[in-house]
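Structure first, then comments.
Numbering (the working numbering), first residue to last: 10 to 108.
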């Protein structure tokens, strides 16, 4: 068994990520606190087929937009034929949520 990408949001939104929980369990240590640090979190998986200069430009535009979003964390995989970027947005409460 391995952590699943549906839990990637735990990297930023939880006190103990799915990856840390997995490794802790594998080596027989007590599990960490899985509760969320933020009241809400969302993850976007960015897929793409464009290659070369066009793919580079599109990927960088997605990253630029994500990095301009409060509470967003960008993760780049660069796995051909698969999810190549995902980003989490952790909502801290108050303010606008639907940008």
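Using N, Cα and C, we set each Cβ at its ideal position, and we do this for glycine too.
None of the values given here were measured: they were computed from a predicted structure.
Under the three-state reduction of DSSP, residue 18 is assigned to coil, being neither helix nor strand. Put simply, the backbone Cα of residue 43 is about 12 Å away from that of residue 33. Between the alpha carbons of residue 58 and residue 69 lies a gap of roughly 14 Å.
Per the coordinates, the alpha-carbon of residue 23 lies some 32 Å from the alpha-carbon of residue 66. For residue 83, the uninterrupted beta strand (DSSP E) run begins and ends at 81 to 85, by DSSP. Apart from the 5 residues on each side of it in sequence, residue 28 sits with its Cβ closer than 6 Å to the Cβ of 12 in its chain, given in chain order. For residue 78, the number of other beta carbons within 10 angstroms of its own is below 16, and it is reported as exposed.
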